[in-house]
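The sequence shown begins at 68 in our numbering and counts up one residue at a time.
The C-beta atom is built at its ideal place from N, Cα and C for all residues, glycine as well.
Please read all numbers here as calculations on a predicted model, not as lab measurements.
Read through the structure below, which is laid out as structure tokens, and then see the notes.
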Amino acid sequence: MDLRTSSTRLGNWSCGNSGVGAHSWSVCFGQTLTQSSAVNSAGSAEAVSLGVSPFV
């Protein structure tokens, strides 16, 4: 997953795939960032897009 403003990539996080299966969730934690403008995030798994969140 990544974290972006409308113009800047703030970071990219990679989560391990151990224990992840169909109909399950995986939670990963990374660096905490302080950002004053709206951000969104896009995710992918095995080169398949998981979509993009709205800006928050």
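- No residue range can be given for Asn84, since it is assigned to no beta strand (DSSP E) and is classified by DSSP as neither H nor E.
- Ser81 has its alpha-carbon roughly 9 Å from the corresponding atom of Asp69.
- Assignment of Leu100 by DSSP, reduced to helix, strand and coil, places it in the coil class.
- At least 8 Å separates the beta-carbon of Ser120 from that of Ser103.
- Using a Cβ distance threshold of 8 Å, Leu117 and Gly110 count as a contacting pair.
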